[in-house]
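Notes follow the structure.
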Ligand code: NDP
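Residue numbers (UniProt numbering): 1 to 491.
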């Protein structure tokens with residue numbers, strides 16, 4: 001028994017679809033292996049849904065919507081809190097499953113589980129507020145009374161990627177249920193196990209049948225069927241920009257609403273007055289957390305010239321000493337990439353970067369043999385037109401460039417088709433705020449690691465997003481707005 005599988009051996013893993021309150025087989029029996037990225041062994045085989053199963057799940061969600069939308073906010077809050085407590089009770093098991101299936105160090109998986117709990121609790125609190133009496137809107141007419149009502153959108157399709165299983169799901173699922181929507185979830189074909197376990201917790205929380213459904217399978221079949229199904233009112237998608245474009249086109253055929261959380265190519269701007277230790281921590285955290293498989297990876301490092309030599313030397317040392325290995329082993333800072341395709345893609349980027357004329361390339365160590373382990377890699381002074389500088393890599397690769405003025409730094413950081421996040425490191429408070437204001441990004445951290453609180457917001461500018469998740473924005477994404485204007489004195 002190896003370290004990666006031990007925590008899960010005594011618990012049978014869920015492998016079926018969850019439709020209308022029941023675990024079930026797909027209409028046509030097919031199975032997909034789910035691979036442990038640390039060993040390349042198959043963990044288990046999962047049933048693969050198809051269009052007929054999507055139809056079944058969407059119809060169940062549509063039937064369930066009639067009663068679920070009539071429940072009070074307080075009732076839905078009760079279910080959300082029950083899910084949060086269920087996740088809490090299963091926390092270690094879920095974290096282990098996350099590390100087994102995704103490959104991230106167990107310490108990172110525990111952070112993910114905490115995020116899921118916080119998200120369900122936050123949207124439970126927001127659901128409670130939905131029972132407040134409708135506020136009258138001030139209008140310039142004494143003869144009329146206007147109120148704005150928010151109603152659930154309907155049946156929503158949630159499609160999520162493999163880099164933060166459960167977390168990207170919770171950010172959609174908690175507000176969708178809070179709003180009174182019913183849901184069909186499609187997890188990534190690479191990491192369905194945490195989502196299936198979450199489904200078991202949701203089942204135990206006692207949600208009425210059909211309110212929450214999971215159809216495992218591929219994007220080409222399950223994802224495509226969801227984005228075109230006539231009874232789906234809205235698609236909330238997190239994934240690559242290329243697939244986001246396809247989702248939008250498919251949804252356009254029936255004018256469905258879409259929310260998209262897509263790729264990024266984000267910068268961390270380090271000024272010469274920065275605390276060097278803090279800068280090193282923030283750069284490496286922004287580039288290597290989750291092995292760099294983050295839409296929010298700040299993989300472009302812009303450093304003010306007087307600090308460049310010192311920062312590059314410290315980063316080179318940190319990159320070389322990064323401990324890559326078994327996600328369950330203590331002291332490991334980076335696990336494998338999550339799947340073979342991503343591993344090969346990152347290796348291709350590293351090869352291209354080496355050919356593109358960087359003035360310095362530093363690589364750390366990674367275990368040899370089985371597993372999708374990649375060496376953390378740093379490039380210095382790549383040309384700004386090189387692919388590795390411009391394209392999302394989604395792996396542990398950072399590129400450093402120097403800048404001379406604040407305006408230069410802002411222009412270089414904004415010179416990308418994406419606009420998800422940015423980080424600014426400086427001891428000059430007003431400058432931090434000024435640069436944050438000038439950066440085209442949906443989230444800017446100043447002297448802070450990438451903390452994300454469910455009370456705030458998530459999403460970006462340009463090709464990174466359409467809409468926002470988290471905070472009240474996340475709830476609004478699953479609500480319709482209805483105006484009711486009545487004559488003040490009914491006849
Ligand atoms: P993909 O876009 O490949 O896949 C995302 C999801 O979409 C998967 O469940 C996939 O299914 C599904 N899918 C694939 N094709 C279709 C289709 N035609 N119609 C509907 N659904 C489809 O992304 P990855 O899973 O590779 O995730 C990495 C990407 O996600 C990165 O670009 C990253 O930046 C982005 N991301 C963005 C975040 C944000 O908040 N902005 C957060 C996290 C990731 P399957 O793979 O199972 O076949």
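A virtual CB, placed ideally from N, CA and C, is assigned to each residue, including glycine. From a predicted model like this one, the values you see are computed outputs, not experimental measurements.
- For residue 145, no alpha helix (DSSP H) run applies; the uninterrupted beta strand (DSSP E) run containing it begins and ends at 144 to 152, by DSSP.
- Here the distance from the Cβ of residue 430 to the nearest heavy atom of the ligand NDP is not below 7 Å.
- Pairing residue 43 with residue 35 gives a Cβ-Cβ distance under 8 Å.
- Under the three-state reduction of DSSP output, residue 310 falls in the helix class.
- Counting along the chain, residue 169 sits inside the alpha helix (DSSP H) bounded by residues 167 to 179.
- Across the set 129, 205, 286, 168, the C-alpha of 168 shows the shortest separation from the C-alpha of residue 459.
- Here the C-alpha atom of residue 21 lies approximately 15 Å from the C-alpha atom of residue 79.
- At a Cβ-Cβ threshold of 8 Å, residue 425 and residue 444 do not count as neighbours.
- Annotation: the continuous alpha helix (DSSP H) that includes residue 249 extends over 241 to 252.
- Looking from the CA of residue 287, the closest CA among 365, 368, 301 belongs to 301.
- Within its own chain, the residues whose Cβ lies closer than 7 Å to the Cβ of residue 202, once the five positions on either side in sequence are excluded, are 83, 212, listed in chain order.
- Not one heavy atom of the ligand NDP sits closer than 7 Å to the Cβ of residue 419.
- Residue nearest to residue 306 within the set 71, 19, 442, 401 is 401 (criterion: CA-CA distance).
- Relative to residue 172, the option among 470, 482, 483, 488 whose CA is nearest is 470.
- In this structure residue 396 is in contact with residue 292, their Cβ atoms being roughly 4 Å apart against a cut-off of 8 Å.
- With contacts defined by Cβ atoms closer than 8 Å, residue 184 and residue 155 form a contacting pair.
- Taking every protein chain shown into account, the CB of residue 374 has 16 or more other CB atoms within 10 angstroms, so this residue is buried.
- When secondary structure is reduced to three states using DSSP, residue 114 falls in the helix class.
- Note that the C-beta distance between residue 439 and residue 413 is below 8 Å.
- Going by DSSP, residue 236 is part of the beta strand (DSSP E) stretching over 234 to 238.
- If you check the C-beta of residue 347 against the ligand NDP, you find no heavy atom less than 7 Å away.
- DSSP places residue 261 in the strand class (E or B) of the three-state scheme.
- Residue 138 has its alpha-carbon roughly 14 Å from the corresponding atom of residue 487.
- Taking the C-beta atoms as reference points, residue 106 is found nearer than 8 Å to residue 327.
- For residue 194, the secondary structure class from DSSP, reduced to helix, strand or coil, is helix.
- With a cutoff of 7 Å, residue 227 counts as near the ligand NDP, since its C-beta is closer than that to a heavy atom of the ligand.
- Residue 299 is not a Cβ neighbour of residue 420, given a cutoff of 8 Å.
- DSSP places residue 47 in the uninterrupted beta strand (DSSP E) bounded by 42 to 47.
- Each of 142, 190, 47, 145 was checked against the Cα of residue 162, and the nearest Cα belongs to 190.
- For residue 363, the secondary structure class from DSSP, reduced to helix, strand or coil, is strand.
- The three-state secondary structure of residue 101, taken from DSSP, is helix.
- Look at residue 240: its beta carbon is less than 7 Å from one of the heavy atoms in the ligand NDP.
- Across the set 178, 166, 358, 320, the C-alpha of 178 shows the shortest separation from the C-alpha of residue 130.
- In this structure, the CA atom of residue 127 is about 8 Å from the CA atom of residue 72.
- Residues 254 of the same chain have their beta carbon placed closer than 8 Å to that of residue 230, with the five preceding and five following residues left out of the count.
- It is roughly 45 Å from the alpha-carbon of residue 372 to the alpha-carbon of residue 69.
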